[in-house]
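Below is one structure; the comments refer to it alone.
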Amino acid sequence: MASERSDGHVPLAVKILIAGGFGVGKTTLVSAVSEIRPLQTEEVLTNAGIGIDDVHGVEGKRTTTVAMDFGRISINQDIVLYLFGTPGQDRFWFLWDELALGALGAVVLADTRRLNDCFPSVDYFERRSTPFLVAVNCFDGVQKHSATQIAKALDLDPDVPVVLCDARDRRSIKDVLIALVEHVMTLKQVAA
Amino acid sequence: MTERGHDWLDSDAGPVVRPYAVTGGRAKPAVGAFDLVAFVVSRADPGEPNLLPEQRAILARTSEPVSVAELASHLDLALGVVRVLLGDLLQQRLIEMYEPEYDQSVGPLRPDDRILKAVVNGLRAL
């Protein structure tokens, strides 16, 4: 099997996960910075929804499709950054596991009106020791809570950055991603 | 698969063929790992005999390196299905795979500092 990089043309792929509750703006965030229209990759699950999905009336349905949105940013000729939006429903954790493997880190997108929605993501990355930051999506440009208040409400470790952003704004999301990568570099220095 | 020959079905109706029919019901690839961000490069002509249309489509799409996730998305096939098809192509040496760096004991490696710095610089330059 060819696993060595035999020529210079195959780039190195780096993954960042975009997590957060349903409807918080994950796809918007990916669209804001991706050089391609966000794509979707689907996985078909067999029996995964049994006892959870209401199949009343469609008893013949035995498969569920999970879609993951993703986007791409070419960093340079050698490095391609992929942003993967995690599937919203909790029962697709096993897909998160695959997404989180080898990931550089994660952005947990939060909406202060529904802060609870991002608890499962925060828990997940804490448990897996995946570096992450919380990006608060300020939809209307109004910052109702300070980053400190949000960190406290989410009971975050003091070293987890909380940043404010606008998921629609390319520059803002660029800054979020830079903050995440810098956070990962800081963690490495502490660990070393 | 993406042909629009029927008035009574559109893409919203979903595939007419059950997803794993293409793979003969196999859910796991014969060989290979196929990470979402592993790159696929074809080393054969799509006209190669005895291939499924889906496998020809893979070869046609991968004259330049394409990630597994992008490939699945472009072909509009489930990820698991694409992995099985890639496994067969790999076994027949019709494609080359470039998987992310992997350590047997640790698993996939997170990017090192040199890469992280390059990513920050690249993002700043966007």
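Read top to bottom, the protein sequences are chains A and B.
Numbering-wise (the working numbering), the first sequence opens with residue 121 and increments by one.
Numbering-wise (the working numbering), the second sequence opens with residue 98 and increments by one.
Using N, Cα and C, we set each Cβ at its ideal position, and we do this for glycine too.
On a predicted model such as this, the values are computed, not experimentally measured, just so you know.
CB contact check: residue i to chain A, cutoff 7 Å
i              : result
A157 (chain B) : no
L213 (chain B) : yes
S170 (chain B) : yes
L176 (chain B) : yes
P126 (chain B) : no
P116 (chain B) : yes
Three-state secondary structure (DSSP) of residue i
i              : result
R180 (chain B) : helix
C285 (chain A) : strand
A168 (chain A) : Low confidence applies to A168 (chain A): its pLDDT is 48, below 50, so where it sits in the model is not reliable, and the reading given next is rough at best. Note: A168 (chain A) maps to coil in three-state DSSP.
E151 (chain B) : helix
T159 (chain B) : coil
Q160 (chain A) : strand
A127 (chain B) : coil
L195 (chain A) : In the sequence on display, residue 195 (chain A) carries Ile and not Leu. In the structure shown, I195 (chain A) sits in coil (DSSP, three-state: anything other than H, G, I, E or B).
V228 (chain A) : strand
T120 (chain B) : coil
A175 (chain B) : coil
G186 (chain A) : Per the sequence shown, residue 186 (chain A) should be read as Val rather than Gly. Correct three-state label for V186 (chain A): strand.
A299 (chain A) : helix
R290 (chain A) : helix
D185 (chain B) : helix
R207 (chain B) : coil
Start-to-end residues for the beta strand (DSSP E) that takes in residue i
i              : result
I270 (chain A) : First-last for I270 (chain A): A267 to A273, but that is the alpha helix (DSSP H), not the beta strand (DSSP E).
S154 (chain A) : First-last for S154 (chain A): undefined, no H or E at that position.
A133 (chain A) : L132 to G140
F204 (chain A) : I199 to G205
V256 (chain A) : F252 to N257
V137 (chain B) : F136 to S139
E193 (chain B) : I192 to Y195
Short CB-CB distance (under 7 Å) between residue i and chain B
i              : result
K135 (chain A) : yes
E155 (chain A) : no
V164 (chain A) : yes
I195 (chain A) : yes
Within chain B, the residues that residue i reaches when beta carbons sit closer than 7 Å
i              : result
L297 (chain A) : L220
K294 (chain A) : L220 and L223
F190 (chain A) : A166
L201 (chain A) : V216
V280 (chain A) : Within chain B, no residue comes near V280 (chain A); the closest Cβ sits about 17 Å away, beyond 7 Å.
Per-residue contacts from residue i into chain B (C-beta, under 8 Å)
i              : result
P131 (chain A) : F136 and P162
Q160 (chain A) : S170
V228 (chain A) : Ordered by position in chain B, no residue passes the 8 Å Cβ test against V228 (chain A), which lies about 18 Å from the chain.
P301 (chain A) : Contrary to the premise, residue 301 (chain A) reads as Val rather than Pro in this sequence. Going along chain B in sequence order, the residues near V301 (chain A) (Cβ under 8 Å) are L213, V216, V217 and L220.
Residue span of the alpha helix (DSSP H) that contains residue i, given as start and end
i              : result
Y244 (chain A) : F239 to R248
L220 (chain B) : D210 to A222
L172 (chain B) : V165 to L172
L219 (chain A) : W213 to A220
Contacts of residue i in chain A (Cβ-Cβ under 9 Å)
i              : result
D185 (chain B) : Result: empty, since nearest Cβ-Cβ is about 14 Å, beyond 9 Å.
L206 (chain B) : G222
L182 (chain B) : Ordered by position in chain A, no residue passes the 9 Å Cβ test against L182 (chain B), which lies about 14 Å from the chain.
Counted within 10 angstroms of its Cβ, other Cβ atoms place residue i as buried (16 or more) or exposed
i              : result
A187 (chain A) : exposed
V310 (chain A) : exposed
V134 (chain B) : buried
S249 (chain A) : exposed
N257 (chain A) : buried
W216 (chain A) : buried
A222 (chain B) : exposed
V128 (chain B) : exposed
Q269 (chain A) : exposed
V178 (chain A) : Caution is warranted here: a pLDDT of 49 is assigned to V178 (chain A), below 50, making its placement in the model unreliable, and the coordinate value is therefore given only provisionally. With fewer than 16 other Cβ atoms within 10 Å, it is exposed.
K264 (chain A) : exposed
E163 (chain A) : buried
S154 (chain A) : buried
Contact set between residue i and chain A, taken where Cβ atoms lie within less than 7 Å
i              : result
P197 (chain B) : A133 and G222
D210 (chain B) : M305 and K308
L191 (chain B) : Going along chain A, no residue has its Cβ under 7 Å from L191 (chain B), so there is no contact; the nearest lies around 12 Å.
L148 (chain B) : Chain A residues near L148 (chain B): none, gap ~20 Å exceeds 7 Å.
**OP:** Determine which residues of the stretch 236 to 258 of chain A have a Cβ less than 8 Å from any Cβ of chain C, and write them out in chain order.
**Re:** Of the protein chains in the structure, A and B, none is chain C.
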